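Trainee:
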Amino acid sequence: MTDGGYACWFCDRPIERTDPGAVLVHVRGFWAWYDGSNADDDPAQDVYAHSACAKNRLK
Ligand SMILES: [Zn+2]
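According to this note's numbering, the stretch in the sequence shown is residues 5 to 63, in order.
1. Kindly indicate which three-state DSSP category residue 26 falls into: helix, strand or coil?
2. Quick check on this structure: which residue in 62, 60, 33, 11 has the alpha carbon closest to the alpha carbon of residue 44?
3. So for residue 52, helix, strand or coil by DSSP?
4. Give me the Cα-Cα distance between residue 17 and residue 39, rounded to the nearest whole angstrom.
5. I need the DSSP call for residue 21, collapsed to helix, strand or coil.
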């Protein structure tokens, strides 16, 4: 990750304000969600993606 900014999950390049359609995806353990638990070991994390990358890769 560069300069404390946010790097795209797919292409690893920084996400700029010039990409208004950039997305944040909150990733967490499916079964922790399914069971309704909020265990500390739930491997939750946020990932970020350019709008174009998300559109191309999340089909
Ligand atoms: Zn990207």
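Note that beta-carbon positions come from the ideal geometry of N, C-alpha and C, so glycine has one too. Nothing here was measured: the structure is a model prediction, and the numbers come from that model.
Mentor: The structure says:
1. coil
2. Residue 44 has its Cα closest to that of 33, out of 62, 60, 33, 11.
3. strand
4. 35 Å
5. In this structure, residue 21 counts as coil in the three-state DSSP scheme.
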